[in-house]
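**Student:** Chains as they are written, first to last, in the numbering used here: chain A, 50 to 523; chain B, 90 to 1132.
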């Protein structure tokens, strides 16, 4: 009896001991919460979605520099050109780049020219977002597991990389014989149905035109190459690259809703509002009605950058203009626009201005028209604006400055705006330094992030001043 | 295959040992103490011969005696020697009298009971009475101030709120690694994590540390009244047998057992009241407004005019501001009813209990309740074979709200209005220009509901007197449900819906299951009459599985129907984590003449978180105890003296899946689209185990018949080649990478002083002081990594602070912005003693945000606890004074209070002041400036004023000394005289007591009690204490009756 019980214990103990000895019992070398090889469509959805969100992330910084937006509090750090840590944006761009990099690797393995093409285009797009505000950034050593401290490539090297990525993208997207086609349903930018390859090819050309016009101040600028890219790019608003597939809603709509719920943000700058409401140019631009709402006082008024809320009312009184839910640009379902036909028309106007003023003027008018249409401005108001003497200047009187003045409205909330503003040397009517600015000149770049300083400090280039210009902005 | 071999060897050894030896006239018996508990390992010798034997762990012995009229001499440490005359009987039950207080038998690793004097390392025991004296519902809190080297912090005074525990400081450089000790209850490894699923502001279980609803640490599921003793094992040698899971120390809990005899029943009821123990000091002169102008409805709580000036504008303005820091909270109530029954006979003993605890929080709409039941049985199947079953079930949970959000909303809310008016008749928020925290707590809700079972079955078999075989299997399992609700919009014009946006409903479930199995064989043999040998060998297996699924539904169609089908958008989250660990271990104890004890252990762990061959690793420990007072004669006044020395190497494995790299779901996509993204962490298949080397030395002495004693410990531990998920540059495509890198050192002292200053028939006074100081240093980080920032806490302007690991500095360093100092040269630390540079405008010059400097450290210089027990006749008074000294914390509350003119010191806002400091050229500042806003009396424009432009923007104003000393508890109890009790025939005893907790707090810290933290319990981020759940001063009344 006793002996039998004794045996039971041994059997029980033995069973559990053996459980521990079972082969493979300790080899939990796969993470059940992760996959090791995702499919191409599931990386395409991530890549396209993140690219759209990154356009918002960068624009939420640069829109204050170009004075589309202004901070609600006095002395806001971005408003006043302080050294601000934009780690969140930097990280978002690099995590996106890593996913797109992996998408390209998987596409190369699968031999899909279409996926390789889109990956190259999106790598170029996201890399530009980073390089346009930070200058030199890591790329050649980035995203590879073994190297935890990637070096920074020079500004020019990054620029050359972007152009060659776009060229490679064009080459791949020009191929029509891919066995693995882009999954339109997973394409958050050009997708849902049909063959999205031709759209991406146009977008590759659109981004190339944008990349080439960026060096307009440098000796190597080639206007003809810009026009050549334009010829292969968009032909109408329907071609525009926008990311409108949100988990909840457009990010700017989120800002508008938060502002309404007193998490303040999305306040329009006085510069933008005055640009549109007739104060600066004496012409009322009907697009303002489609960008923002009237204040409680029934007027359009913006906030001065760096000055914050206008006294005497406190900042919860709706007596200034904000990013609006009612706008087709910033509604719940509005796409975040990466690059548009209207913007390309202004690139065309700028590139053609010296060689072919007629083409330039047509592009200028077409750009304004496309922008008005995109913002759903009533045709009568649109045409009235286009007929204004200050707008309809004729091909002979079209100036570079006028092109930039009109393009300023077209690139509302797009990161590209700051590239233009810097290329135009902040030469806009009544464009002044923010109040309480810590620089005595306009901002030209941003500082590297604290995250990089602490985690990759030995590679981070020295930045002396935020007034230092990037290589194409000299 | 080699492993299978290994297992067999152990089993064979065990089986071989079953061969019984022995012959001739043999006498056996059992040695117990006066309470009927076995006295293990006593020496039994036949008087006048060299024949001797020793008893086993259960007090059983067998000895061969020769001749007639044999006499046995039984000796054991801590007991008075006894002589027993042997007659004709074959078996004797021998009871030994205890010789004094120091003859303690303590529970050590794996439940092995050993004499305290034989231990070569520090271990501290807390007994039931002492543990429960201040009636803390969370057993971690119940240990506060009672154990040297142990730092325990409550998250706050909320119902069911958690507490964190650290033994001898922080050991890991990885912020994601727990630094909490292992909890073991009756041999079952017990989970004490704190889950934040569904409790974070973004509802997804990830996010900012302070934006969390504090849910209790899981040890709060255990009823502290069920506990007989808690042993805190601190150093490597003490925890060696527990292996890597004991690397942060072990809390060994032993619950109560039944005793043979008539059934005893104890019933007790406690009622308690909670009130806030410390309020922030607020100004009472200035009312709502902006730039000095009166704005009653707006976001300017207190930068308006004076009350008198406001009344001239607004006749409805109250005569005094509302004391909203009191009015936003209520008196909390708590009640506990418990009943336990115990008893038994020679075969079976049982202890059972049931307890119900309910607490209504001081913060509106927060509560917690907890129902626990326990059954412990010990069965003596035969003299050689015993079994025990311990099990407990609990159901707990309640409504939780985020203290940080509550405090923040309260700071925005102007004292011109009564915060208790929070709701309109139509159910919408009563809007005073900003959110009302009470409305938030009333509508944005989360309730946790946890069902938990912890149980174990143990068997012990003693085939022969020198061999013990023990086996135990334990199960810890729970389901933790979190249900989260917030109504959407009611469609009433102008309604403001706090953080509820368009309504949400979330349902989150965590299923936890851990099984552990422990086998232990003990061989006990006397080699010579002077040398005793105990050899132990065993195996342990731990298998844990945690599965989490959650769904968040947003944008409700019917605004207040909290059903997932009613949500326009659903976001799932899903996670499974499995972990397996096996250890083989052995121990050799040598006892020479009962005064020199040597213990050597070894353990080999095999873990699932590392890959072959790195997943199997061995580490040893050795400890020595030398009781010199038993070796040679000491002066009369020295009653006891012992020296301890130990060395241990402890291994540690990685977090699960640290060797794997893959792709995680990308959850920001719209419904119907799936995507993947690189996982956050870059795994390293070649990770190696991490090792910590610990040295410890100690001296214990007592004097004057043990009326006075001390215990001194010094320890030094160095963890090298740590496994950390190091944060890496995002340009790698990862947030972190698992690497072997970096080292951290802890060293410190622990001193315990015990005394009985007075002891006579009517009055005794016992005092116990524990003091400890730990010094931590980050020795190195990974090559190429200069610092690891691990937490930030927001502030206005550039007042945000960052906690970083920096080589050469201790863990817990707080960095932030500061004023410019004249002649400042230190690149890292801010020297506050240097004069502040005053700008040309007469205000202090603020250094740029890029110049963040070390402003303080969250780890204390020292901690201490002083317990005094006074007994006078039937009265007992116990007090516990607790201190934590020399540490700093950042207060976001004070940052807000400066920003909004709420702090008491902002009443100088209409004064002129010449700031003390030097101009940039080194000459003293003489410029007088106005501290107010807008236009000053001097005709100068001061904009938003000193507080908003210069004070609130700089971190150094809000990182301050958080040292405290408190009267943690005082308790007075009165045992009713027997003569009263006996009138009712069935009552055995009765007592009443009144207890006060947190009665006095002495601190210079601004705001709420600095012990609280702005993070969940168990968090390694302990440097922030601003908007916390206020700590409670509690009064409790208890009636205890025994039947």
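Using N, Cα and C, we set each Cβ at its ideal position, and we do this for glycine too.
(1) Who are residue 705(B)'s beta bridge partners in DSSP?
(2) Alpha carbon to alpha carbon, what distance is there between residue 918(B) and residue 398(A)?
(3) Can you give me the start and stop residues for the beta strand (DSSP E) that residue 599(B) sits inside?
(4) Relative to the C-alpha of residue 1059(B), which residue among 171(B), 1124(B), 1079(B) and 1044(B) is closest?
(5) In three-state terms, what does DSSP make of residue 448(B)?
(6) Please report whether the beta-carbon of residue 461(B) lies at a distance below 8 angstroms from any beta-carbon of chain A.
(7) Taking only the alpha-carbon atoms, compute the straight-line gap between residue 1015(B) and residue 929(B) and give it to the nearest angstrom.
(8) Within the segment 708-778 of chain B, note down every full beta strand (DSSP E) run reaching 3 residues or more, in order along the chain.
(9) Would the C-beta of residue 1102(B) count as close to the ligand ATP, meaning under 7 angstroms from any of its heavy atoms?
(10) Which chain A residues are close to residue 382(B), counting only those with a beta carbon under 7 angstroms from its beta carbon?
(11) Classify residue 438(A): buried if its beta carbon has 16 or more other beta carbons within 10 angstroms, exposed otherwise.
(12) Beta strand (DSSP E) containing residue 561(B): first to last residue?
(13) When you check each C-beta in the segment 284-305 of chain A against every C-beta of chain B, which residues fall closer than 7 angstroms?
(14) Do we get a CB-CB distance below 8 angstroms when we pair residue 924(B) with the residues of chain A?
(15) At a Cβ cut of 9 angstroms, what residues of the segment 124-150 of chain A count as close to chain B, listed as they run along the chain?
(16) Can you have a look at residue 523(A) and say buried or exposed, based on whether 16 or more other CB atoms are within 10 angstroms of its CB?
(17) Let's see if you can read the secondary structure: which residues bound the beta strand (DSSP E) around residue 114(A)?
(18) In angstroms with no decimal places, state the Cα-to-Cα distance between residue 277(B) and residue 523(B).
(19) Quick check on residue 897(B) - is its C-beta less than 8 angstroms from some C-beta in chain A?
(20) Counting Cβ pairs, one atom from each stretch, are 3 or more of them under 8 angstroms apart for the segment 307-318 of chain B and the segment 381-392 of chain B?
(21) Between which residues of its own chain and residue 589(B) is the CB-CB distance below 8 angstroms, once the five residues before and five after are set aside?
(22) Which of the three DSSP states is assigned to residue 279(B) in this structure?
(23) In chain order, what residues of the same chain have a beta carbon less than 6 angstroms from the beta carbon of residue 852(B), not counting five sequence neighbours either side?
(24) Between the beta-carbon of residue 146(B) and the beta-carbon of residue 810(B), is there less than 8 angstroms?
(25) Kindly list the residues whose CB is nearer than 8 angstroms to the CB of residue 784(B), restricted to its own chain and excluding five residues on each side of it in sequence; keep chain order.
(26) Span of the beta strand (DSSP E) holding residue 324(A)?
(27) With respect to the alpha helix (DSSP H) encompassing residue 150(A), which residues constitute its N-terminal and C-terminal limits?
(28) Does the count of Cβ pairs from the segment 399-414 of chain A and the segment 269-289 of chain A closer than 8 angstroms reach three?
(29) By the three-class DSSP mapping on this structure, what secondary structure does residue 280(A) have?
(30) Going along chain A in order, which residues have a C-beta closer than 7 angstroms to the C-beta of residue 667(B)?
(31) Under 8 angstroms between beta-carbons, which chain B residues line up against residue 324(A)? List them in chain order, please.
(32) What residues from the segment 159-178 of chain A come within 7 angstroms of chain B, judged by C-beta to C-beta, listed N to C?
(33) So, with DSSP's three-state summary, where would you put residue 191(B)?
(34) Grab me the residues of residue 505(A)'s own chain with a C-beta within less than 6 angstroms of its C-beta, minus the 5 sequence neighbours each way, in chain order.
(35) To which residues of the same chain is residue 442(B) closer than 6 angstroms at the C-beta, ignoring the five residues directly before and after it?
(36) Using a Cβ-Cβ cut-off of 8 angstroms, state whether residue 242(A) counts as contacting chain B.
**Tutor:** Answer, in terms of the structure:
(1) Under DSSP, residue 705(B) forms a beta bridge with 695(B).
(2) Computed Cα separation, rounded: 56 angstroms.
(3) 593-615
(4) 1124(B)
(5) Looking at residue 448(B) - three-state DSSP - the assignment turns out to be strand.
(6) Interface flag for residue 461(B) against chain A is unset, since no Cβ pair is found closer than 8 angstroms.
(7) Answer to the nearest angstrom: the Cα atoms are 10 angstroms apart.
(8) 727-741, 752-754 and 765-767
(9) Looking for the ligand ATP in the displayed structure turns up nothing, as the structure carries no ligands at all.
(10) 361
(11) exposed
(12) 556-575
(13) 294, 295, 296 and 297
(14) no
(15) 124, 126, 131, 132, 133, 134, 136, 139, 140, 141, 142, 143, 144, 145, 146, 147, 148 and 150
(16) exposed
(17) Here residue 114(A) belongs to no beta strand (DSSP E); instead the alpha helix (DSSP H) covers 89-114.
(18) 50 angstroms
(19) no
(20) no
(21) 532, 533, 575, 576 and 577
(22) strand
(23) 961
(24) no
(25) 735, 736, 804, 805 and 806, listed in sequence order.
(26) Where residue 324(A) is concerned, there is no enclosing beta strand (DSSP E), although the alpha helix (DSSP H) it sits in stretches over 319-326.
(27) 136-159
(28) yes
(29) The answer is helix: DSSP assigns residue 280(A) an H, G or I state.
(30) Under the 7 angstroms cutoff, chain A gives 77.
(31) Close partners of residue 324(A) in chain B (Cβ separation under 8 angstroms) are lacking, with about 28 angstroms as the shortest Cβ gap.
(32) none
(33) For residue 191(B), the predicted model reports a pLDDT of 46, less than 50, meaning its position is unreliable; a value from the coordinates is still stated below. Residue 191(B) falls in the coil class under three-state DSSP.
(34) 198
(35) For residue 442(B), where only same-chain residues beyond five positions count, the Cβ hits under 6 angstroms are 315, 429 and 463.
(36) No, residue 242(A) does not count as interfacial toward chain B.
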